[in-house]
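To start, the structure itself, in structure tokens.
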Amino acid sequence: MKRFNQTMLSQFDTAFDISADSTPSGAEQPPPLSKEPEPLFMWTLCGHLHDNSPAQRISVISQPFTVGRHPDNSVCVSNSTVSGHHAEILIAGDQLLVRDRESTNGTLLNGRRLKTVEALRDGDILHFGNVMFTVHRDTSTLSSETVTSDAAGEAVAQVQFNTLMQRPGVVPYFQPIVRLDTEERIGFEVLSRSKFVGLETPDKMFRIAAQRTSEAALSRVCRVEGMRASMELDSEMVFYLNTHPAELNDASLFDSLCQLRDDYPDRMIMLEVHESGVTSLDFLRSLRDVLKDLNFGFAYDDFGAGRARLAELIEVPPDVLKFDVKLVQGLPSASEARRTTLSGLINIVRDLDVVPLAEGIETIEEAEICRELGFELAQGYLFGKGEPVNTWKTSQPE
Numbered sequence: 562m563k564r565f566n567q568t569m570l571s572q573f574d575t576a577f578d579i580s581a582d583s584t585p586s587g588a589e590q591p592p593p594l595s596k597e598p599e600p601l602f603m604w605t606l607c608g609h610l611h612d613n614s615p616a617q618r619i620s621v622i623s624q625p626f627t628v629g630r631h632p633d634n635s636v637c638v639s640n641s642t643v644s645g646h647h648a649e650i651l652i653a654g655d656q657l658l659v660r661d662r663e664s665t666n667g668t669l670l671n672g673r674r675l676k677t678v679e680a681l682r683d684g685d686i687l688h689f690g691n692v693m694f695t696v697h698r699d700t701s702t703l704s705s706e707t708v709t710s711d712a713a714g715e716a717v718a719q720v721q722f723n724t725l726m727q728r729p730g731v732v733p734y735f736q737p738i739v740r741l742d743t744e745e746r747i748g749f750e751v752l753s754r755s756k757f758v759g760l761e762t763p764d765k766m767f768r769i770a771a772q773r774t775s776e777a778a779l780s781r782v783c784r785v786e787g788m789r790a791s792m793e794l795d796s797e798m799v800f801y802l803n804t805h806p807a808e809l810n811d812a813s814l815f816d817s818l819c820q821l822r823d824d825y826p827d828r829m830i831m832l833e834v835h836e837s838g839v840t841s842l843d844f845l846r847s848l849r850d851v852l853k854d855l856n857f858g859f860a861y862d863d864f865g866a867g868r869a870r871l872a873e874l875i876e877v878p879p880d881v882l883k884f885d886v887k888l889v890q891g892l893p894s895a896s897e898a899r900r901t902t903l904s905g906l907i908n909i910v911r912d913l914d915v916v917p918l919a920e921g922i923e924t925i926e927e928a929e930i931c932r933e934l935g936f937e938l939a940q941g942y943l944f945g946k947g948e949p950v951n952t953w954k955t956s957q958p959e
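Structure follows, in structure tokens:
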């Protein structure tokens, strides 16, 4: 592994911290609660309070709302990695704020350790020690007025979800991945859709799955169905399969990957891990070792979507690093300073023998700049959208 400048590394770590809705550095206390009108929605946390117990959905109503192992907390979590009084969640107008209470193992928001008070958004992932909760903002009026909702559509989606998982009803879609210098197609990212009403897109499918804490199960179904459909495509292609953050730090993921290799012994498979789900370097090392034994590749997805987490990249380098679309789009009109910074980051990645991949390329100009900056692989609408398998069966590379 080549050496690199630690000062430059620190600058990059700061430069690519592009997470939204963060409280400015130095803020020690959340804003005081005021008697504002109650919002037309309710915040909830969804997760497991005890090992091997069913997941629970907990409304954030009382103030203060505390999380910890001690029974006097609003949410008592029985896990040795959770401190007695671990974290506090506060309602401030229409915002939900979280702060760590000097816990031993820290509180992580989307995989990033909290250092001050930060605002939460629908779909965020919180880790208290090793225990994961997802944040949900449920639309439901707390006033006397009636709020219009698609209750019938929601009910249909709930019923259809059972069929989706049992049949299953996932429809794999494949988006091309190309070599940027030649635009030769070398693989596909496997995406998922559904024909069931209310579950047509991944967002809709995983929203219902989250209500049932079935995200991991749905993610496994998507991988299995994706590989089943991949058998109709060129055997020389590499298939990039996704994971869900709910699967990470759980050894059952290893079992599902072993089964996948048994079922598809000759397929080239690359497993993608999103940075928001990574909380343990030890687990990441174990995952990389398992993937190596199974002859799977390892890709780090959406790098820079929340924070460019260079520590994990250096300690557990993947085979491929997928740079988030936010770092790619707008490059034709970007400042020279931004391009230089991105080029330096790409050089560090390549020094680690990691292949940089640019996501979300939509124009020829973006492709040319990414090629000049040092990206080796790419995907985006310029090279093809996610399409059903039949589309790609009739357009195999020469």
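Going letter by letter, the sequence shown gives residues 562 to 959 in the working numbering. Ideal Cβ placement from N, Cα and C applies to all residues, glycine included.
For residue i, is the classification buried or exposed, using 16 other Cβ atoms within 10 angstroms of its Cβ as the cut-off for buried?
| i | result |
| --- | --- |
| Asn634 | buried |
| Pro806 | buried |
| Ala928 | buried |
| Ser780 | buried |
| Asn951 | exposed |
| Thr724 | exposed |
| Arg754 | buried |
| Ala812 | exposed |
| Thr762 | exposed |
| Ile622 | exposed |
| Thr960 | The requested residue 960 is not part of the displayed model; the chain covers only 562 to 959. |
| Glu776 | buried |
Going by C-alpha to C-alpha distance, which of the options sits closest to residue i?
| i | options | result |
| --- | --- | --- |
| Ser841 | Leu818, Ala872, Val916 | Ala872 |
| Leu818 | Phe864, Leu874, Ala778, Asp699 | Ala778 |
| His647 | Cys637, Tyr861, Arg728 | Cys637 |
| Ile652 | Pro632, Leu670, Ser620, Arg673 | Ser620 |
| Ala771 | Glu744, Leu845, Asp685, Gln820 | Asp685 |
| Thr901 | Asp914, Leu934, Lys676 | Leu934 |
| Phe815 | Glu923, Ser796, Lys853, His835 | Lys853 |
| Leu943 | Ala898, Ala790, Ala919 | Ala919 |
| His631 | Gln624, Leu610, Ile622 | Leu610 |
| Gln617 | Gly608, Thr677, Pro625, Asp863 | Gly608 |
| Val731 | Asp655, Val782, Leu741 | Val782 |
| Thr677 | Leu687, Arg662, Asn671 | Arg662 |
| Gly748 | Leu832, Glu649, Met603 | Leu832 |
| Arg728 | Arg682, Val785, Asp699 | Val785 |
| Leu882 | Leu874, Leu888, Ser753 | Leu874 |
| Asp912 | Ala898, Asp880, Arg698 | Asp880 |
| Glu745 | Glu948, Gln940, Glu649 | Gln940 |
| Lys917 | Asn671, Phe884, Ala898, Leu687 | The residue asked about is misnamed: residue 917 is Pro in this sequence, not Lys. When only C-alpha atoms are compared, the closest one is Phe884. |
| Tyr825 | Glu649, Leu687, Leu606, Phe857 | Phe857 |
| Phe626 | Asp655, Arg660, Gly654 | Arg660 |
| Ser847 | Ile830, Leu809, Asp823 | Leu809 |
| Asp655 | Glu649, Met603, Gln624, Ser664 | Met603 |
| Thr924 | Met798, Pro949, Val886 | Val886 |
| Ser791 | Pro733, Ser775, Asp843, Thr743 | Pro733 |
| Asp823 | Leu855, Gln624, Thr804, Asp850 | Leu855 |
| Glu649 | Gln624, Arg773, Glu926, Thr804 | Gln624 |
For residue i versus residue j, is the C-beta distance shorter than 8 Å?
| i | j | result |
| --- | --- | --- |
| Ala718 | Lys756 | no |
| Phe735 | Leu760 | no |
| Ile738 | Glu750 | yes |
| Val696 | Thr642 | no |
| Phe936 | Ile909 | no |
| Gly524 | Ser639 | With the chain running from 562 to 959 in the structure shown, residue 524 is simply not present. |
| Thr668 | Phe694 | no |
| His835 | Asp795 | no |
| Val877 | Leu845 | yes |
| Gly865 | Leu888 | yes |
| Lys946 | Glu793 | no |
| Leu670 | Glu679 | yes |
| Thr605 | Asp683 | no |
| Leu681 | Leu658 | yes |
Residue i by DSSP, collapsed to three states: which one?
| i | result |
| --- | --- |
| Glu649 | strand |
| Ile506 | Here the chain has residues from 562 to 959 only, and residue 506 is not among them. |
| Lys954 | helix |
| Leu821 | helix |
| Asp843 | helix |
| Thr901 | helix |
| Ser791 | helix |
| His688 | strand |
| Ile619 | strand |
| Met829 | strand |
| Thr724 | helix |
| Pro625 | coil |
| Asn641 | The residue you asked about is not Asn; residue 641 is Ser in the sequence shown. Coil, per DSSP. |
| Asp854 | helix |
| Asp912 | helix |
Which whole-angstrom value describes the C-beta separation of residue i and residue j, a residue pair presumed to lie in contact below a C-beta threshold of 8 Å?
| i | j | result |
| --- | --- | --- |
| Arg828 | Phe800 | 6 Å |
| Met788 | Leu741 | About 26 Å separates the two Cβ atoms, so there is no contact after all. |
Please indicate yes or no: does the CB of residue i lie closer than 7 Å to some heavy atom of the ligand SAM?
| i | result |
| --- | --- |
| Phe800 | The model depicted lacks the ligand SAM and carries no ligand whatsoever. |
Looking at the C-beta of residue i, does it have a partner C-beta in chain C at a distance below 8 Å?
| i | result |
| --- | --- |
| Asp914 | The structure shown contains no chain C, having only a single protein chain. |
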